[in-house]
Structure formats: C-alpha cells, structure tokens
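Engineer:
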Amino acid sequence: MAEDRRGDAGDDRSAGDPVADAFADGPAFVPYLAVGDPDYESSLAYVEALAEGGADVIELGLPFSEPIAEGPTIQNAVARALEAGMTPTRFFEFVEDLDVDVPLVCMTYYNLIYQFGSGQGPRPFVERAAEVGISGFVVPDLPAEEAGPLREACDEFGLHLISIVAPTTDKERLEKLVEVSSGYVYVQARLGVTGASSSVSDRTGESLARLSDVDLPKAVGFGISSGEQAATIVEAGADGIIVGSALVDIVAEGHERGESTEAVADRLETKARELKRGALDGYGRRTPAPEGTSD
Amino acid sequence: MAEDRRGDAGDDRSAGDPVADAFADGPAFVPYLAVGDPDYESSLAYVEALAEGGADVIELGLPFSEPIAEGPTIQNAVARALEAGMTPTRFFEFVEDLDVDVPLVCMTYYNLIYQFGSGQGPRPFVERAAEVGISGFVVPDLPAEEAGPLREACDEFGLHLISIVAPTTDKERLEKLVEVSSGYVYVQARLGVTGASSSVSDRTGESLARLSDVDLPKAVGFGISSGEQAATIVEAGADGIIVGSALVDIVAEGHERGESTEAVADRLETKARELKRGALDGYGRRTPAPEGTSD
Amino acid sequence: GKFGRYGGQYVPEALMPAIEELTDAYERYVLNNEDGFMDEFRRRIREFGGRPTPLQRADRLSERYDTEVYLKREDLLHGGAHKLNNALGQVLLAKYMGKERIIAETGAGQHGTATAMAAAHLDMPCEVYMGERDINRQRPNVFRMKINGSEVTPVTTGRGTLKEAISETMRDWATNVEDTHYVIGSVVGPHPFPKMVRDFQALISEEAREQAIERTGDLPDSVVACAGGGSNTMGAFHEFVGDGSVDLFAVEAGGSSLAVDEEEGVAPNSASLSTGSEGVLHGARTKLLQDHDGQIVESHSVSSGLDYAGVGPELAYLVDEGRVTPVNVDDDAAIEGFHRLSQEEGIIPALESAHALAYLHEQHEELGEVTVVNVSGRGDKDLESVIEETTRRDVPNAPDMSMFEGGL
Amino acid sequence: GKFGRYGGQYVPEALMPAIEELTDAYERYVLNNEDGFMDEFRRRIREFGGRPTPLQRADRLSERYDTEVYLKREDLLHGGAHKLNNALGQVLLAKYMGKERIIAETGAGQHGTATAMAAAHLDMPCEVYMGERDINRQRPNVFRMKINGSEVTPVTTGRGTLKEAISETMRDWATNVEDTHYVIGSVVGPHPFPKMVRDFQALISEEAREQAIERTGDLPDSVVACAGGGSNTMGAFHEFVGDGSVDLFAVEAGGSSLAVDEEEGVAPNSASLSTGSEGVLHGARTKLLQDHDGQIVESHSVSSGLDYAGVGPELAYLVDEGRVTPVNVDDDAAIEGFHRLSQEEGIIPALESAHALAYLHEQHEELGEVTVVNVSGRGDKDLESVIEETTRRDVPNAPDMSMFEGGL
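Residue numbers (UniProt numbering), protein chains in the order written: chain A, 1 to 295; chain B, 1 to 295; chain C, 23 to 430; chain D, 23 to 430.
1. According to DSSP, simplified to helix, strand and coil, what is residue 204 of chain C?
2. Helix, strand or coil for residue 219 of chain B, going by three-state DSSP, please let me know.
3. On the three-state DSSP scale, how would you describe residue 95 of chain C?
4. Which residues, taken in chain order from the segment 138-153 of chain D, show a beta carbon closer than 7 Å to some beta carbon of chain A?
5. Around the C-beta of residue 261 of chain C, are 16 or more other C-beta atoms found within 10 angstroms, so that it is buried, or is it exposed?
6. Would you list the one or two residues that DSSP bridges to residue 400 of chain C?
7. Would the beta-carbon of residue 253 of chain B fall within 8 Å of that of residue 52 of chain B?
8. Suppose the cutoff is 6 Å on Cβ atoms and the five residues either side in sequence are ignored; what does the same chain contact list for residue 109 of chain A look like?
9. List the endpoints of the continuous alpha helix (DSSP H) containing residue 50 of chain B.
10. Name the residue from D:138, D:211, D:250 whose alpha carbon lies nearest to the alpha carbon of residue 275 of chain D.
11. If you run the structure through DSSP and keep just helix, strand and coil, what is residue 29 of chain A?
12. Can you pull the chain D neighbours of residue 361 of chain C, defined as C-beta to C-beta under 7 Å?
13. Using the beta-carbon count (16 or more within 10 Å), is residue 287 of chain B buried or exposed?
14. If you reduce the DSSP assignment to three classes, tell me which class residue 118 of chain C lands in.
15. Can you give me the Cβ contacts of residue 44 of chain C inside the same chain, cut-off strictly under 7 Å, excluding the 5 residues immediately before and after it?
16. Whose CA, out of B:20, B:29, B:38, lies closest to the CA of residue 249 of chain B?
17. Compare the C-beta of residue 83 of chain C with all C-beta atoms of chain D and state if any pair is closer than 8 Å.
18. Taking 8 Å as the CB-CB limit, is residue 162 of chain D close to chain A?
19. Using a C-beta to C-beta distance shorter than 9 Å, which residues of chain C count as neighbours of residue 64 of chain B?
20. Any idea if residue 244 of chain D is buried or exposed, counting beta-carbon neighbours within 10 angstroms, 16 or more meaning buried?
21. Please compile the residues from chain C whose C-beta is within a distance smaller than 8 Å of the C-beta of residue 71 of chain B.
22. Using 8 Å as the limit for Cβ to Cβ distance, is residue 78 of chain D near chain C?
23. Quick one: using the 10 Å Cβ neighbour count with 16 as the cut-off for buried, is residue 424 of chain D buried or exposed?
24. Return the chain-ordered list of same chain residues with a C-beta closer than 6 Å to the C-beta of residue 116 of chain A, the five sequence neighbours on each side being excluded.
25. Tell me which residues of the segment 198-219 of chain D have at least one Cβ-Cβ distance to chain A shorter than 8 Å, keeping chain order.
26. Around the C-beta of residue 212 of chain B, are 16 or more other C-beta atoms found within 10 angstroms, so that it is buried, or is it exposed?
27. Counting only beta-carbon separations shorter than 8 Å, does residue 136 of chain B have a partner in chain C?
28. Evaluate residue 188 of chain D with the Cβ neighbour count: other Cβ atoms within 10 Å of its Cβ, from every protein chain shown; 16 or more gives buried, anything less gives exposed.
29. Have a look at residue 389 of chain C and residue 71 of chain B and give me their C-alpha separation to the nearest angstrom.
30. Report yes if the CB atom of residue 214 of chain A is closer than 8 Å to the CB atom of residue 186 of chain A, and no otherwise.
31. Spatial neighbours of residue 89 of chain D within its chain, please: CB distance less than 7 Å, with the 5 preceding and 5 following residues excluded, ordered by chain position.
32. For the putative contact between residue 107 of chain B and residue 66 of chain B, defined by C-beta atoms under 8 Å, what is the C-beta separation to the nearest angstrom?
33. Helix, strand or coil for residue 74 of chain B? Go by DSSP, reduced to three states.
34. Residues in its own chain within less than 7 Å of residue 219 of chain D by CB, not counting five upstream and five downstream?
35. Can you give the Cα-Cα distance for residue 47 of chain D and residue 141 of chain D, rounded to whole angstroms?
36. Which ranges does the alpha helix (DSSP H) cover as unbroken runs of at least 4 residues, wholly within the segment 62-116 of chain A, from first to last along the chain?
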C-alpha cells in the first residue's frame, strides 16, 4: 500500500499519496489498536472491522515494554499483546496478513525502530515497513530534535513521519515540528496521556487555531470516545479524529468477558461507524458550511 | 536485742554485743532471707525455722526495687516480697513480730534507708531499726566513701555497719573499709553477684589471707549452698558462712509447688542444720586444730 | 565526684577499684589529654561520626513563631543520635585503659547500637544487655547490634525492660570488672561517669556556641533540650552554663500526667527534675521518681529514650541552683511536635527530641529572640511507635495514616 | 545535551517546552549561579543536609587489604544517602523557576524520601509515585514520605514496581507540566537531567578530592562507586574525570548471573554498562538491558537501588571512552560486603554501597595504594532484605541470625 512521498514537505503531497487522499474528501476517521491484542488472529479481525466501519487511516500500535505516553487502557493492551508474543517481526507479518484498503500508520516507540537491524539506526525498520506497505510513523518519544535519522529514512523510502503537536507547543517549536512532519499532524487535544474521557478539552479549538497556517491535515486525538465528541472536534475545525482508548476498551472488555472474536469485531465496527458518522456530522455543522461538503 | 556499740572500732566489741557473741563460740552460720517472701506470715515462719536450724546471726533482706548486687534468685525473691506488699514500715513490724533469739542484721539498699523519715538522712531509719532490735546493717551499694552518715547514725544508736570486702579490694581500700566497719566483715567469696554455685571460689583463701590483720570476724558469702562447701570455707579460715540464695531457692520452690508453709519451713530448717554442721565440720578439720574448738 | 549534694559513688565494693581506675583514667586521658587521647577522640568523632553537626536555621518554624529558631542537628551523627559521642569516647578510653571487653545496657536500643558501632570501629568485643520485652519491641536495633558484631544478651528477669538490663549489666561488671569496661549511656551512674559522659557530649554545645555566634553574632537567648537521663541535655548545655544570659530549658517527658500512682508504683511520666525527689539510684544521688518509701516507681513516656526514673546528678544540681529550668510537655504534645518538624522542616526527629520541639511550640514567646533546639536524634527508630501513638490519639496535625493502622 | 553518542531528549512533544524551560533554568541558575542559586544550594545542603560528609580512613579494611582505604561517608547525609544532594538541588531549582508542585517516582523509596524531605524543607507540595508492590515491600519509606507531608500515590499497573512508577510520573508530568517539576532521581532521563543531577551530586567528588589531597598529600589511585542509574557514581567520579592518574571503577550489580534470559525477558542482574547495548529509554540514548528486539528486560539485584535496566548516558560514554571501568560483583559478594563493613568498621552500608565494598574486597590488589570507596548510603533500609538474603544463603561472615528468620 505504500506510496512514494518523495519531495519536500512544502510540496503538494496529495498527489498519489493515500494518506493525503484519506484527508482529501471530508473529515478522516483514524482509529488506533495495539497490534496483537489480545492475540494475533483476533487482532487481524479487529483491524479489518475498523476498516469496514469506515476508517480512513489506521494507526497500528507496535507494542513496546515502556509505553510512557500511554494511559492505563493502552498500557494494558500493550501488555496483553506482548504477553501474547507480539514482536516487531510479527508486526510486519501482521501488516502483510492484513486485508484492508486504507493507509496504515505504525505507532511505536523509538527504541524498537532503532534496534531493528541491530544498531544500524532506523533505516532497516523503515525499509521493512515500506516493504509491507506501511505509510508512515507516529513515534511519541521522538521530538523534532531527535527525529533527523528517522526523517531521513522515511524520505528515502517515501514514508510519512507524523508529528504530535501538544497544547504546550509554542510557535517556535511548531515551526521545527512542521519541518520534519508529513502526512498529517497529530493534534493532542489536551495535556496528559492517551485515554478516553467524557469531555472534550477546550484547548482543542485553541490548538487548531495555532495550526491554521500549517499546510497539513490536522487530526485530533486524546480523549475522543463518542460520535458526539467527534462531531464537536470536527466542527471546531479538525480534519480528522484519532480514537484509540475507546476502541481498545471494547477489545479489553471482550477479552475479559471471553466474548467471541466476531462479537467484539462487530462492536468495534459499530463504534467505528458511530465515530465516523459523528465526524461527518461535525463537518456538516460547520458555519459557514465549508465548500465541498458532501451533503 | 540491740546493744550499745559505742567506742572505736579498735575496742573489744564482744563485751555484751550479741553479734560478737555469735562469732565468739566457733564458726557462725549466717543465713539470709528476703523478708516478706512470698508473704508476711510464711516469711515469719521461715526466719524462725532458720533460727531453729542453728543460725547464729540472721540477715533480713528489706526488699528494694532495684537490687543491683543480687543474682536472679534473690532478685525474684525481692520481687515476690514487694508484690506481696513489703515496705520498710512493714519490715520493722516484721522484726517486732519475730520470735527468735539471734542477732538480726538488716540487708538493704541505701535509698530505702535514706528515704525513711523523708530526707533527714539515715538517722530515722537507724533509730527505728534500733527500736525493733536490729543489730546492724549490710548495705551493698554503700562503699566506704559514702558510708559516713550511716556510720554516724549507727554509732549513735549502737548498731553495726557491716562492710563487704570484695576479691578486688586492695590493701588501701581495705583500710578504709575497716575504718567504717563493725560487727563482722562480709567477705565476698568471688566476683559477681549473690547466687548459689556448685564450686567454691579459689579466691576465698586468698581473701581471708589479706584480711588476717583485720580484727573483726570474717563471714564468707556468695555461692555457698551445701554443708560441704561450708566446711571448705570454714576450714580455709572463715569465722562464719553467709548463705542466701540456697535458702531462697527452697522458698521459691515451695512457693511454685504450692507447698505448705510448714513443709517449706521444715526443709529450711533441715538445710540450715546441714550448713551449720558443715561449718562445724570445717572448723574441726582445721590443722593445727585451733584452740577452743568445741569437740 | 559531687555536684553540690548530688552525685557520689553508691556502688558495691567489688566495683570500687574499677571506678577508681576509671576515675584515674578519666583524669589522665580526658582531662589532661595524656597520650593524645582527646585528640584521637576528636579526630575519630569527626571522621567516623561526622562531626561537626550543623546548626541549621529552621526557616519555617522561625516564621511560624516569629523568632529565630536554630536546630542543632545531632540526628545527623553516625547512628542517628548524639549517643555515639559518648559511646565512642568510652570505648576508646577502655582501649587506652587496656580493657579487653565492653558491656552496655540498652532500653530502646539507641545506646546499644551506638556502643556496638563504636566497638566494631575500634575492634573491641562487646556484649549488650537488653530486656527481653525490649528486644521484642526493638528488633531492628537488636539486628543492628548483631550485624555490628556485638552479642545481645536477653534479660528475662522482672518485666524485661531497661531497669532489669541495667541491673544485669551491673552484675556482669561486678563479675568481670577486671578486664571489662561498662559503657554507661548517659550522665548517670557513679562518679566519674556523669562528668565523663558530659565531657564527651559537650562537643554539642562547644560547636553550637561557636556556630550560633558565627551565625548571629551573639550568644543565643535560650537553649532547649529534652531530658531523660540527660546526656544530650548536658551536652547541649555544658558550654553555655557559664553564659548567664543564656536560658537553659530541660524538657522532660510529662507522659500522660505528672501525678504518681503510689499504689501501683507507677509514674505516668519521666519528669524526675520537675516532680522527683532526692534519692540514690544506680550509683548516684540525684532526683528520682520514687514512692514515699524510696522504692523506684515505673516511669513512662511515649519516648522510650526518656523513660527513666532518674536523671543525671549535675542536672539535678543545676536545677536546684536555678541555672537550668526544668519544664515538661506531655505525650500528646510530643507526638504533635514530631509531626510538625517532619512536615515543616523535612526532618523526622526522634520522639525524645520531639519533646524539645513541643516545648518550643508551647512556650516560644518565653524563649527570647534566638533559640537553639537540640535535635538529639532522628526518628526512624520511632516509626512504629508513632503509628501506634498517632492512631490511638486524635492528633490534629498528623497525615492520614489509615494504611498503617496495622503497623509497618 | 549529548555525551558522545549518548544522551539526548527522547520525550513526548508535550514535555519538550518544559524540558526547554528546565534547560534554560539549569544554565542560568546552576551553571551561572544566577540570583545566587548555587550559593543557596550549597548553604542548604551544608546546613540542612550535613555536608561536607567525612572522608574516613577505614583502619581495619586498610590493614586487611594492606592498602589505604578511605570511605566517603554519604551515609551520613540527611536521609541516609547521597540522594538528598540531587533532590534538594532540584526542588530548590523548581522554586526558583516558580513551579508550584513537585512530583517524583521511587522504587525502593530512597529517592522518594529524599524528595519528600527536600519538599518539606522548602515548603513545596510533593506527590510521589510508587508501584503498589514496592509500597508493600517498603512501608517504612512510604510512612516517612507521608509524615514529611508528601502524597504517595500507588501505581497499580503492570507489576507495580519502579518502571511502572516512572511511566506514571511521566504521565503526571505530561498532564501537569505547566506548574509541576519532575524530580528525576538519577543521572538518567532527557537532557538536562543527566548533567544537572551530576552537577548536584558532584559535591561528593569535589569534597573527596580535596579531602584526599589534604589527608594523603596526593590524589587517590582509584575511586570505587556502585552504579545503578549512576548518580552516586557520577557524583563520586566527576571531579576526578580530568585526573588521568585516578582509576574510576563503576561497580554494577552482577545479580545472580550476567546472562540474559531473552525468552522470559529477564536479566538476573543490573549490569547495563558491563553487558547492555545501546538503546533509547526514559528520554535518553544509553546502554540498556534489552532483548534483541529492543524490548526492555526486567533487571534484578539484591539491592533495589541498583535494580534498573538503564544507566546514565554520561557513564555509558565514559565507559566507551575507556575513562571509567565497568565491573560487577554478584549478590553473594554484596551480602558479604555488607556484613564485613558492619562488623569491621561499625558502619552498616546500604546494599548498593555494599557492592562497591565487595569489589574492593575482590580486587583490592588492582586498586593501587590509596582507594576511595563511596559509601553512598546507610543500610537501615535494607535490614529486612539482608535477613531474607542472608538466611537463604550460606554467608560465611554473617552473625547468627536464627532469631530473625521470620523477619524483623
């Protein structure tokens, strides 16, 4: 699935770039799951259910033993996946086995990227990711300052490096970030770690406003768990919504209750539809209605 | 029973002094019991049994809460007596109630002597002791250096202050001691604290030799528990033997087993006879047989 | 060997030769620095013990009381209390005297652990007597002594606490007096102990006096120290005794009440300077908690280090002379003092020292503009007691301790 | 922010502004003493903490090894370990930066208690994250933090130990970064932490270097310090790094074996300098215990303070440069080292420090004529572990511990 992303960040990336395409046509729904949670086969079915439910991009979490940026929900998912034997090698097999038609982004921590290929830096990991059709990376513990080698490898293989923008990111840092970013910007809706929450932060609008000059789609994550929240976020100007913990919760619940993979996959698909619809509703609510809205 | 002991230590004290008399006629047997152990009435019977068994002088222990010079046997006896309500006032009543015909020496710690009469020093205690017929005192925590006020009160009321001579007492200290002593000298047979022991210390002969110039009877204590030991000690030159723990053991045993007062008194009397006979035997064994021996 | 009417040498004759020998050694080595004894002592207490200890301005207490509060930080001495000053001095002295063995008694274990450390440091065999009940209550301290290589001998007579341990140590000394030195842990006992222990502990006031002058340009207006046997007290006061302008407050353990129950033979306090009367105990004439007859009553304090029926004879004398003011605070106030220093200054004080801090709290207006409070030791040893005593009381300034109700 | 290839700032973007702010504050206050920050720090660590700590000649060890052994006595610092140097420095810095709240993580509780003390002393609210399992194993330290007024928050995720506590503290920081300072407890984490913590801890070598010269007229031939995260190590080494004649030995926990069980994801040691490989953890590139994939493995040591899968990046650098020699001793040797110092010098060392002493024992012939060993902390906190670990082993130099088989 990987497409070439060669060229500078300033170029028009939408031409032939599935990530750009995903954001081109209305608000994108970007779900996240930890790969291998609670086991390889179920996890395949769950990711495919999300695609079925309307995902425009899927973030696939490659589990790392020290997930410092995650809240308890994803932390536990990561622990389950590791327990079930997930490794970087298996992760790539998983991507190969996956039968979906949306761009895939790998979300993981830098040490796994760095170690793959035994100390030759991030290149072997990126090369392999490109091979299996990964479109890009989100690396929570890699700020712009340390992103150079990975950015370089991504450029070489035509992958995106998606940066996270936090509520604390000021103008100066934003410039640095945008310089190394491509694909989309992951807008962190609030301070803290990943996790579903009942209210959407006031700071989202503020963050989006600061990003108005950035020429990349803005996907907002952290705390979105319902269609209504998705709508609110998109109404506030987001180009996409990223949802992780709310979906992982469904996997965890199914696992705890011993539900069948099919039942859990159904619920994931239903939730995905709710979120996607919410995003579309929010898009529709924008005043003045933006041009090119689909209804 | 108290007699006047006025005059210097160098004087002949035997004239009319019951303590001197006790040592005048062969080796003296000087038993000790803690007064009020395990109760007032039994204790009366026990002391009388010792007199019956041949005691020449009896050391009556007035229980003090911190008996630092005593071994575990007497320590426990003191605790039982205190528990049963023994006090200095009761002690004097006890002496008055006692029906025996031997000189009585009060053995106690200095604080009880000092406190009696509320801070006027030892005089009130000595006065009261004289009244009830006590002949003298042994005070283990009162070395010659601190003995002045008590010595003075004893002189006033004609009582003896019996000093303890230890194996560590050198010539210089011995002179100091003898200066404040009267009645007899309590020769500590070994280092340590009171307590029955199976062997008699080698140091006894040595101690007695050092005391050869002292013009007072030498009664040896610490560790004597059998007639044979008594004999050995007297044979070595002692003018008397002091026995405490071996007798207190009988009281303790009787108390623990719930024996009748009569049964315990009988055993005390028997033990007393054994010890007295041992002393006499030892006296007989002296070679050359000392002049004036009774058989 | 006397302080006015107090002091003396009320010990069995068997011990007197050892006491005379010790007196001689004290005069030669301690008073006259023969063979450089005091130089070596000062060097070792500096390098091994960590002296000088700081005199720290307590910023938050100073603000709270609107006065200058300085803390003398004996809690930072090796072992966690002032006890090492004395233990190291005496074990070193025993070495100079050619003794081959050290004995000591201990109640809560502070003096025992200090002696065990000093004995290990100076390579002297050491045996510590400790009541069996105290052993069970103070297992960490027993363990510390043992890993320092000391023998810890349980005393099973009586109630198995400090007084029985003292008696037992006296007995050992009476038995082995020829090659053994008894390290008495406070300014008590027969002469020369009260003077000698004071001299070793006087490093506290020697330093504090210099530090206070250096810091404030002048002598402090008052010095506050807790008083049980009185070794940290005399240590903190000694160099100030000649400074008439400095008020000296000896804070005793008021326990739960200052009354004495003669019937039961119990004083629910350890305030012998405040409420005791003259008598003779453990070798010296001093102020005691005793009943009408002269029997020693059982003292009490929430702080086991203050829980003693006697007090150093020199303190008794200085109180009679009016030079030292005896005061006291009760168990409740001490517990609050403990929590206050822990929370406001980040120093967890021994419960003993908490008494001095409680007095500061209650009477800070009487203490002048600059006060030195002796923090005689750290409170790590008291954590179990504090849990127990805090949960049984309503302590207004205690943190939530619900998770510790069963102990540590 | 780099030491050769090591170091860096591998942290979430949300924290970067705080890290930049901290870097700025570090440069202004620590490096340039702006507003007299370093003067105040040095004054407080002296008066509150008890610096300088002594450099003590260990007479009996010197005799045993026929070499001059000097002990740097960080065990005498307030709180019982070198940890306060850093905690006080950072809490004071947070105050200068206008932060209103302190957070920290702690494993065995040493860094947590040091931070709680510093926060109480400087009147800063403090919350300490601690794994639930660690809380149950280290209740006295939890209690100490609470009585110092800190909140202790149990971390129930995962196995409930240090790594989960670190993650949780990072999360708190990511949430409250605007008014909160995260006091990292060792020379680890993103720049400027490794440099800043080292600078606060460098007081150890600053003093030791001066003291050694004063005492022996020359630099020592070697300095030995245990290494977990490496804060006492870098503290003890820093001022000697430029002295080419001084050999520097970082003694890691060899645990029960140097091998790594990849299958189980467990290293039965904490020897990341000796056996680890380059990777990125907790904000920095350094040497790590990790499996082939880059997953961090579970480390192990009898000493919980050394039990960490990473190490300070500067140490990794100095090892690569050949300036620091990484060595290790196993659990058995550490336990023996603990008993040896306790018995022979009267100092009960932390199990961490016991590793340094065990290395001295094993390799004293390689250490030259004058060796400085850093006694990073005291062992009171380790008594329970020592009982457990001694009774399960055949320790040749342990005292009879039969009465402690059930624990304290």
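Glycine included, C-beta positions come from ideal geometry on N, C-alpha and C.
Structural biologist: Looking at the atomic coordinates:
1. strand
2. strand
3. strand
4. none
5. buried
6. Secondary-structure assignment with DSSP links residue 400 of chain C through a beta bridge to C:371.
7. no
8. 64, 141
9. Per DSSP, residue 50 of chain B belongs to the alpha helix (DSSP H) from 40-52.
10. D:250
11. strand
12. 169
13. Its Cβ having fewer than 16 others within 10 Å, residue 287 of chain B is exposed.
14. helix
15. Closer than 7 Å at Cβ, skipping near neighbours: 214.
16. B:38
17. no
18. no
19. 316, 317, 318
20. buried
21. 193
22. yes
23. exposed
24. 88, 124, 125
25. 198, 199, 200
26. exposed
27. no
28. buried
29. Looking at the two C-alpha atoms, the distance is approximately 48 Å.
30. No, these two residues do not count as a Cβ contact at 8 Å.
31. Excluding sequence positions up to five before and after residue 89 of chain D, its CB lies within less than 7 Å of the CB of 386, 389, 391, 393, all in the same chain and listed in chain order.
32. Contact doesn't hold; Cβ gap of about 15 Å is too wide.
33. helix
34. 108, 206, 208, 209, 253
35. Taking the straight line joining both Cα atoms gives about 19 Å.
36. 72-83, 88-97, 110-115
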